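Protein chains in written order, with the working numbering: chain A, 8 to 253; chain B, 8 to 253.
The next block holds one structure in the form of structure tokens; read it before the comments.
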């Protein structure tokens, strides 16, 4: 058996998220369908670095699978792309050791949340950015973001409907900066993230940027460990899983 | 009766073009549906600067309509936007004289064709750009474009299935330039355009940029007046009706 690691982008708009769900169009299902066809009907399962929610995009999601087919490593991307729908694109395929595991071996993940920060909406970016018409105080947001960096119990940023026990994660970096094209981008890099954690952090930073919440409240919100103290979850379509590092 | 002029953007991806067709989702139909609802079921028709094909986008399409409702001018945009689907957005609404006509009074139209010019595709721009993986010779394209500028019979750039008699139009400007974000943009400004004219010009410029056709052939193609001599029609999704000037 050969183990293949693939780096994949997808536009989350038309998917019910990453993970297979009965009767729904999901990223995993589309990829497994194509792989199974390539293996003449023998079911092939893929293992990703983690799931993404409905509407969330990926530029550099990673998954692995095993195969008995004898295809050169870079050919896998080409073969898959020729059969995948046009909202999924494999950037790269490479042989990895039997030991490699796309979920267990993750060292860092980077997410980016794109905000369209101008008075007028842009319908051409409506599925990739969250529109914020009012001005944001980026200095306040960056001040608050500094309190998130580090190793903490992030229960305050975890959606209620999860059964993960250990809520300690490490955030290595958060920055909020103006891009060109009227966008403001929140970059967040961490060891891993709880369910909806990035979107809840984004929602809380937005309240701080709009002066609905003081930036020095962030440390207390984390320490309190109560989801109720953080702000509303930002919508999924502004979020992109940017990169996974092993 | 009050005459209202509206400037409208739409994402052409999910429409069967601008113009009403029985049983199809079109831009005109969606806007007229909302206006008719606002007028308590009395049919309201809109008149645009011209139609756009299925998949073609608009940033600054213009239409007019007449109303007996007593609503302040800038309120029309807000009222319409609150009821329109999220792939249509009215930028501006203004009162105009009874004499104004969105089609007959057009002085200039600007179209832009967006090419993604890099080896890798970008699935997040797949519905707004045409992907061209090989390098383009912009100098050759600009040289050929200069021959298009002026007043000519443009039969060579007109789709066969049209019944327009007079095929003389004036092109004021064409330029092909690198934008940031790996895009190359073809800007074309003219008095008006024949059916699929911009897309056929784009296809011909692409063949020149790829050295499949010599740039000095352009003048002869126009003079010959034969659609067969021009290149294939570029796909609709790279094209945006940028601006209409009155």
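All C-beta atoms, glycine included, are put in the ideal place defined by N, C-alpha and C.
Just so you know, these numbers come straight off a predicted model, no measurement behind them.
Name, please, each residue of chain B whose Cβ falls closer than 8 Å to the Cβ of residue i.
i, result
"residue 130 of chain A", "16, 17, 18, 93, 94, 95, 96"
Counting only beta-carbon atoms, is residue i nearer than 8 Å to chain B?
i, result
"residue 135 of chain A", "yes"
Using CA atoms only, rank isn't needed, just tell me which of the options is closest to residue i.
i, options, result
"residue 79 of chain B", "B/89, B/9, B/208, B/251", "B/9"
"residue 155 of chain B", "B/25, B/126, B/211", "B/211"
"residue 23 of chain B", "B/45, B/107, B/58", "B/58"
"residue 161 of chain A", "A/233, A/243, A/70", "A/233"
"residue 34 of chain B", "B/44, B/11, B/63", "B/63"
"residue 204 of chain A", "A/106, A/125, A/242", "A/242"
"residue 223 of chain B", "B/165, B/152, B/158", "B/152"
"residue 128 of chain A", "B/207, B/244, B/245, B/97", "B/97"
"residue 91 of chain B", "B/60, B/226, B/17, B/209", "B/17"
"residue 213 of chain B", "B/54, B/149, B/180, B/187", "B/149"
"residue 108 of chain A", "A/25, A/208, A/71, A/48", "A/71"
"residue 200 of chain B", "B/215, B/180, B/217", "B/180"
"residue 209 of chain A", "A/27, A/239, A/82, A/53", "A/239"
"residue 110 of chain A", "A/46, A/55, A/60, A/187", "A/55"
"residue 145 of chain A", "A/247, A/29, A/216", "A/216"
"residue 27 of chain A", "A/132, A/61, A/83", "A/61"
"residue 37 of chain A", "A/25, A/85, A/83", "A/25"
"residue 254 of chain B", "B/46, B/131, B/39", "Lying outside 8 to 253, the shown extent of chain B, residue 254 of chain B is not represented and no answer is given."
"residue 82 of chain A", "A/226, A/45, A/131", "A/45"
"residue 85 of chain B", "B/231, B/77, B/99", "B/99"
"residue 66 of chain B", "B/187, B/132, B/94", "B/94"
"residue 247 of chain B", "A/218, A/131, A/147", "A/131"
"residue 157 of chain A", "A/126, A/47, A/226, A/29", "A/226"
Once you ignore the five residues that flank residue i on each side, which residues in its own chain have a CB closer than 6 Å to its CB?
i, result
"residue 252 of chain A", "114, 115"
"residue 198 of chain A", "176, 177"
"residue 50 of chain B", "43"
"residue 101 of chain B", "12, 80"
"residue 194 of chain B", "119, 182"
"residue 20 of chain B", "134"
"residue 169 of chain A", "202"
"residue 117 of chain A", "196, 249, 250"
"residue 15 of chain A", "68, 97"
"residue 159 of chain A", "229"
"residue 104 of chain A", "none"
"residue 73 of chain B", "8, 10"
"residue 220 of chain B", "214"
"residue 207 of chain B", "164, 237, 240"
Spatial neighbours of residue i within its chain, please: C-beta separation below 7 Å, excluding the five flanking residues on both sides.
i, result
"residue 236 of chain A", "163, 228"
"residue 31 of chain A", "23"
"residue 174 of chain A", "160, 161, 162, 165, 201"
"residue 231 of chain B", "163"
"residue 167 of chain B", "234"
Could you name the residues of the same chain whose beta carbon sits closer than 8 Å to that of residue i, not counting the 5 residues immediately before and after it, in chain order?
i, result
"residue 124 of chain A", "139, 142, 143, 185, 189, 190, 191"
"residue 7 of chain B", "As displayed, chain B neither begins before 8 nor continues past 253, which places residue 7 of chain B out of reach and without an answer."
"residue 245 of chain A", "120, 121, 122, 135, 136, 137, 209"
"residue 171 of chain B", "165, 201, 202"
### Secondary structure, alpha helix (DSSP H): runs of 4+ residues fully inside the segment 112-192 of chain A
Entirely contained in the segment 112-192 of chain A, the alpha helix (DSSP H) runs reaching 4 residues are, in chain order, 145-155.
### Task
Enumerate, from N- to C-terminal direction, the unbroken beta strand (DSSP E) stretches of 3 or more residues contained entirely within the segment 35-66 of chain A.
Assignment of beta strand (DSSP E) within the segment 35-66 of chain A, counting only whole runs of 3 or more residues, yields no such run.
### Query
Which runs of the alpha helix (DSSP H) fall wholly inside the segment 207-247 of chain B and span at least 4 residues, in chain order?
The segment 207-247 of chain B contains these whole alpha helix (DSSP H) runs: 225-231.
#### Entry: Whole runs of the alpha helix (DSSP H) within the segment 73-112 of chain B, excluding any shorter than 4 residues
With a minimum length of 4 residues, the continuous alpha helix (DSSP H) runs that stay inside the segment 73-112 of chain B are 82-90.
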